[in-house]
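Going by our numbering, the letters in the first sequence line up with residues 676 to 1200, in that order. Each residue gets a CB set at the ideal place from its N, CA and C atoms; glycine is no exception. Here the structure is a predicted model, which means the values were calculated and not measured. These notes are about the structure you will find just below.
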Amino acid sequence: MSKSSSSRTINEVLMAAAHARSCSSKKKLGDQTPNSKEFSSSLSNKKMKLGDQSPNLKEPIQKSSKSEDQSLHPTATTTTTPEETSVQLKKRSGDFNPNSAAFWKKGESVPFLFLARAFDLIDKESRRTEMSTILCNTFRTVIATTPKDLTAVVYLSCNKIAPSYEDLELGLGETSLVKAIADAYKIDVKHIKSKLKILGDLGLVAKASCSSQVKLFNYKPPPLTVVKVLDTCRTIAKESGKDSQGNKRGHVKGLLDAATDCEPQYLFRLLQSKMRIGLAEQTVLVALGQAAVYSENQSALPSPSALDEATEIIKKVYSLLSNFDKIIPALLESGIWKLAELCRFTPGVPIGPMLAKPTRGVSEILKKFHGSEFTCEYKYDGERAQIHYMEDGSVEIYSRNGERNTGKFPDVANSVKRFKKSSITSFVIDCEVVAYDVDKQKILPFQILSTRARKGVNMNDITVKVCVFVFDLLYLNGESLLEEQLIDRREHLYDSFEEVTGEFQFATTMVSYEPKDIQSFSKLL
DNA sequence: GCCCCTGCCTC
DNA sequence: TTCGGAG
DNA sequence: CTCCGAAGAGGCAGGGGC
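Here's what the structure looks like:
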């Protein structure tokens, strides 16, 4: 098992374009080409930028003339049927009437069936642009009828139940869900399992089981709503302790009892966190941005550039503040064009990380960088960590995926403040936490790090010591540094912290114009 | 009290 | 993490 | 190139069972 990860050595090199985070405009270090956003690394990975921070959120060309006056929308939409909904949602955005697809009254809770139908349409579509259109129409419908449900709709569309840093897990996997179906329908677990093998998907199994189910009672639970589904998911996630498994199953059964049509299928895929309809966060964001544009300007069709701009804004905003509970209300209240002002990078909320991207070799890199200044950086073999130090002295640590990791690294959380200079009142750093042998002063392989306890770690129980290798500073003394060049952020970084060997060190880097330096740098191992 | 299965998360 | 498919 | 989805290794945590 010395799998790839452990075979990577600590000395592996990683390089990034010198202007990393703020990709678009500013460059000061060479390479102005439009595709100067990426980096490549020599050995196996490299870092890449995150979601665009195009600093030019200029005034929208298509200012919304009248934004929120919903009163002029044609009234009600009670005559539409679920079937009709599907037809409407597939229309091109320009031809779509946001009041045509709803089969519930304005202000009423959005039925889960509406969303399930949209998922079903998307499932049958392979073009992401089309998926996005369908979802865009879906969002527009919700905005036009029951905007307060938009947050729930967006969460479910992303297959999330809360921001990732809130540590809310369903705790339901395939096995539990199979049991839940068996429970609910009084079917043998074995039958469910064999069906699962045949159909290949738990959602389909749920659907099939549901339709073959004979309802013995006339009692019919009220239709599911999007909010109900989301709330129940959260309830399931919070269930813990004795009998929690059974309780969770009970909640699932409750949902299943009320599910009809294609609802069971998507309900179970949601519960399994495997939507597999080809739609995920990025596509949802695109749809959301565009829906916002269309909804703001009912009378005129938005220009393509306005739509692109909206997409950029929403992606950027989400990478800075990945919390729909904050973004959606702001979006509904003030519109897409002001969103960036309202939703800023905030300490305490993890920012989307710039990720490395594999390259096939040094030669590939050599070409890419001749003529431009570039930088290389060691890629340490540990765990990514984003450390937030707030004004009040509190610390939070987040993983690569934005999960709160603070409880896993109490040693780091307690020590970081010792490495900052006293004038520093708040900061966010990006770093790699690496297992470290204090006696031998040596970095240990990832394997060792992975044996650390993961939750509620007690300082006294720590056996694997770690060293933090910082490579970026994203926020300092109340101000975001995201608009600055990587090279400049590094300067701030070096100015703001003191290294302590074996505890807190700066990642080894090199900056050059000479492609051949890449090779020599990578030989440092 | 101990062990296993399931879920989740890291790379 | 790496891979492969689709657009 | 971007996005999505699937797969794989190793390992901790929590619950359920005995």
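DSSP state of residue i mapped onto helix, strand, coil
| i | result |
| --- | --- |
| L825 | helix |
| S1165 | This sequence places Arg at residue 1165; Ser is not what is there. Three-state result, R1165: helix. |
| L1045 | According to the sequence displayed, residue 1045 carries His and not Leu. Three-state result, H1045: coil. |
| A933 | helix |
| Q1160 | coil |
| E783 | coil |
| I873 | helix |
| F1179 | strand |
| F1172 | strand |
| K1032 | coil |
| E1058 | strand |
| E844 | coil |
| T755 | coil |
| V1021 | At residue 1021 the sequence reads Thr, which differs from the Val that was named. Reduced to three states, the DSSP call for T1021 is coil. |
| E1008 | helix |
| E1016 | helix |
| R767 | coil |
| S1197 | helix |
| E1154 | strand |
| I1118 | strand |
| T760 | helix |
| Y830 | helix |
| E1052 | strand |
| D1192 | helix |
| R1079 | strand |
Residue range of the beta strand (DSSP E) that includes residue i
| i | result |
| --- | --- |
| C1142 | V1141 to L1151 |
| C1106 | F1102 to D1112 |
| I1072 | V1070 to Y1073 |
| S1187 | T1184 to S1187 |
Buried versus exposed, by CB contacts within 10 Å (16 or more), residue i
| i | result |
| --- | --- |
| G1010 | buried |
| K991 | buried |
| K865 | exposed |
| S994 | buried |
| S997 | buried |
| I671 | Lying outside 676 to 1200, the shown extent of the chain, residue 671 is not represented and no answer is given. |
| L1199 | exposed |
| Q940 | buried |
| A881 | buried |
| R1019 | exposed |
| D1136 | exposed |
| V762 | exposed |
| K1115 | exposed |
| G1046 | exposed |
| A1128 | exposed |
| V1113 | exposed |
| T1126 | exposed |
| D1105 | buried |
Where the alpha helix (DSSP H) containing residue i begins and where it ends
| i | result |
| --- | --- |
| R803 | R803 to T820 |
| F1121 | F1121 to L1124 |
| L905 | V901 to K913 |
| S851 | E849 to Y860 |
| R1093 | P1085 to F1094 |
Length of the line joining the Cα atoms of residue i and residue j
| i | j | result |
| --- | --- | --- |
| T756 | D936 | 13 Å |
| E713 | G1036 | Since pLDDT at E713 reaches only 32, below the 50 mark, its modelled position is unreliable, and no value is offered. |
| V1203 | V785 | In this structure the chain extends from 676 to 1200, so residue 1203 is not present and cannot be described. |
| Y969 | Q1160 | 35 Å |
| Q1218 | F789 | Since the displayed the chain opens at 676 and closes at 1200, residue 1218 lies outside it and no answer follows. |
| Y1150 | I862 | 55 Å |
| S1226 | P898 | Since the first and last residues shown for the chain are 676 and 1200, residue 1226 lies out of range. |
| M950 | I797 | 11 Å |
| P977 | D824 | 24 Å |
| Q1206 | G1068 | Outside the shown range of the chain, which is 676 to 1200, sits residue 1206, and nothing can be said about it. |
| D1056 | T1183 | 13 Å |
| N1222 | T907 | Nothing can be reported for residue 1222, as the shown portion of the chain is limited to 676 through 1200. |
| K765 | I1072 | 43 Å |
| S711 | F1196 | Any reading at S711 needs caution, since the residue's pLDDT is 28, under 50, leaving its predicted position unreliable; the model's value is listed next. Distance between the alpha carbons of S711 and F1196: 21 Å. |
| L1030 | L946 | 28 Å |
| P1190 | E1039 | 11 Å |
| Q877 | S1098 | As written in the sequence, residue 877 is Leu, which differs from the Gln given in the question. Distance between the alpha carbons of L877 and S1098 is about 56 Å. |
| V1175 | D1086 | 14 Å |
| H1063 | V1143 | 14 Å |
| Y1169 | I1162 | 11 Å |
| A776 | C1051 | 53 Å |
If we require 4 or more residues per run, which alpha helix (DSSP H) segments fall completely within the stretch 937-1004? Qualifying alpha helix (DSSP H) stretches, in chain order: 938-947, 956-971 and 979-995.
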